[in-house]
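Enquirer: Numbering (this note's numbering), first residue to last: 11 to 368.
Ideal Cβ placement from N, Cα and C applies to all residues, glycine included.
Handing you a structure now.
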């Protein structure tokens with residue numbers, strides 16, 4: 011049984027015991043039993059509070075330590091370290107406050123349990139305490155929010171000029187990828203042009219679309235040490251681009267393009283050596299429940315040295331090369347002439363542009 015399962019069982023058992031004793035109290039009150047029996051129930055409940063605090067806190071601490079590595083995969087991006095520091099700063103502050111308040115809550119429940127002859131003290135108001143417990147959380151939360159906003163604005167703002175651009179589009183239930191060709195520009199797309207062949211809805215009247223490289227499935231290749239700008243779209247419902255090792259998450263929203271840029275710092279081979287797992291692969295997954303096939307929305311990410319990335323890119327064929335009939339049909343419709351066989355820009359021509367961007 012997992013740590014979470016054990017913790018859940020313990021919590022349920024404590025809840026059941028608490029409800030049973032609560033039922034005993036109500037039964038005693040309605041049956042007119044002596045206050046002595048009610049006092050015993052109060053003491054038992056107060057003791058259960060302390061037991062729950064100790065057992066629940068210990069189970070949580072054990073579960074946290076036992077699953078720490080699984081919750082915190084190695085970082086493989088530049089901004090990931092800043093994000094990690096910000097996350098743990100927030101968790102430490104909130105964790106300290108949460109722990110203190112919960113300890114006080116359960117200890118006070120035990121200490122100030124109902125006893126005959128003891129009455130509660132009515133404390134109506136105190137301006138000084140109100141100001142303290144309002145200002146301190148407000149200042150701390152404002153600092154955390156500002157730090158988060160600053161980092162978020164950086165990684166979702168304009169990417170460096172030498173960034174490698176990749177478009178990622180989610181659909182039920184998979185990921186589509188598009189790379190710019192030798193012109194280093196992604197062409198115009200139009201959702202009205204989407205069909206069984208033209209997954210992205212490439213508008214071939216835009217010259218920049220003619221050499222775009224599309225992948226209806228496969229792997230996401232990115233170079234190490236070079237900024238990568240992800241242009242994100244959704245073709246149907248809400249998805250999310252989640253890449254845990256790069257500390258990347260961005261929603262893919264229908265009708266609203268989003269973006270995120272990051273810089274990989276470790277190749278796939280380097281991470282395999284670091285983790286000691288020869289089968290390790292970086293993963294892009296959808297972490298928003300998007301339908302019955304949600305589990306299948308995964309994609310391997312290959313991080314490689316810049317020269318290896320250029321070599322891989324040079325071997326890829328553009329959409330028009332892979333689908334010459336689509337290009338011929340478009341030219342026939344646009345010109346009214348019999349289509350002629352015309353090759354799209356050679357894939358090898360991608361190399362100089364890619365080298366220039368790298």
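1) In or out: residue 93 buried (at least 16 other Cβ within 10 Å) or exposed?
2) Taking the Cβ atom as the reference point for each residue, do residue 272 and residue 238 lie within a distance shorter than 8 Å?
3) Pull up the distance between the alpha-carbon of residue 199 and that of residue 250, whole angstroms please.
4) Leaving out five residues before and five after residue 226 in sequence, what residues of the same chain have Cβ atoms less than 7 Å from its Cβ?
5) If we count Cβ pairs, one from each stretch, closer than 8 Å, do we get three or more for the region 111-128 versus the region 178-194?
6) Does the Cβ-Cβ distance between residue 71 and residue 20 come in under 8 Å?
7) How about residue 175 and residue 233: are their beta carbons less than 8 Å apart?
8) Between residue 213 and residue 191, which are expected to be in contact by the criterion C-beta below 8 Å, what is the C-beta distance as a whole number of angstroms?
9) Going by the DSSP bridge assignment, what does residue 268 pair with across the sheet?
10) Out of curiosity, what's the CA-to-CA distance linking residue 263 and residue 301?
11) Please list the terminal residues of the continuous alpha helix (DSSP H) segment that includes residue 96.
12) Of the residues 280, 283, 244 and 296, which one's Cα is nearest the Cα of residue 258?
13) Looking at residue 231 and residue 369, is the spacing between their C-beta atoms short of 8 Å?
14) Distance, Cα to Cα, residue 274 vs residue 87?
15) If we require 4 or more residues per run, which alpha helix (DSSP H) segments fall completely within the region 240-327?
16) Please list the terminal residues of the continuous alpha helix (DSSP H) segment that includes residue 145.
17) For residue 307, count neighbouring C-beta atoms within 10 Å of its own C-beta (all shown protein chains included) and say buried if the count is 16 or more, exposed if not.
18) Could you say which of 194, 16 and 162 lies nearest to residue 218 if we only look at CA atoms?
19) Enumerate in chain order the residues of its own chain whose CB-to-CB distance from residue 252 is below 8 Å, with the five nearest sequence positions on each side excluded.
20) DSSP three-state label for residue 51, please.
21) Between which two residues does the alpha helix (DSSP H) harbouring residue 331 extend?
22) Using only alpha-carbon positions, find the residue among 118, 76 and 279 that is nearest to residue 56.
Expert: Well, looking at it:
1) buried
2) yes
3) 21 Å
4) 186 and 209
5) no
6) no
7) no
8) At roughly 15 Å, the Cβ-Cβ gap does not stay under 8 Å, so residue 213 and residue 191 are not in contact.
9) 242
10) 15 Å
11) 88-121
12) 296
13) Because residue 369 is not part of the residues shown, which for the chain are 11 to 368, the question remains open.
14) 4 Å
15) 278-285 and 316-324
16) 137-166
17) buried
18) 194
19) 258, 259, 294, 295, 296 and 297
20) helix
21) 329-332
22) 118
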